[in-house]
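Peer 1: Below are the structure tokens for one structure; questions will follow.
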Amino acid sequence: MAKDRMNAVDIEAALAKMTEDQRDHLRFVIGELIQCYLEEDKHGLLLITGDKDPHLTLIAINATDMEAAHLLGSADNFLNFRLLDEAPPKGMMN
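Residue numbers (this note's numbering): 76 to 169.
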């Protein structure tokens, strides 16, 4: 895993390639991650996959296996609710 880690030069080069909106979003993500490390009642779960390599990387931050499972379930419920909320009425689907 260590070979995949970016060094400071790699990070600087990657940041230089990002748009300002991407850097703003990254600042937000990093801020939220930091809070998971600093606050015992905050838990995080980072999921990463790719189109060419569908391997899923799951990184728990300040979360036990049970808390990570709960986070995944909560995320699933939230996304299903959002998708169903935006779906056309059932009568329009026939």
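The beta-carbon is built from N, C-alpha and C at its ideal position, and this holds for glycine as well. Every value quoted in this text rests on a predicted model; they were computed, and no experiment measured them.
1. For G106, count the other beta carbons within 10 Å of its own beta carbon; 16 or more makes it buried, fewer makes it exposed. Which is it?
2. If you draw a straight line from the alpha carbon of L147 to that of L90, how long is it in whole angstroms?
3. Comparing C-alpha positions only, which one of L122, I136, D79 and M81 sits nearest to E115?
4. Whole alpha helix (DSSP H) runs in the segment 82 to 123 with 4 or more residues, listed along the chain?
5. Helix, strand or coil for A138 per DSSP?
6. For the ligand FMN, I want to know if C111 counts as a neighbour, meaning its beta carbon is within less than 6 Å of at least one of the ligand's heavy atoms.
7. Is L133 helix, strand or coil when you go by DSSP?
Peer 2: In short:
1. exposed
2. 29 Å
3. I136
4. 83 to 92 and 95 to 113
5. coil
6. In the structure on display, the ligand FMN does not appear, and there are no ligands present to speak of.
7. strand
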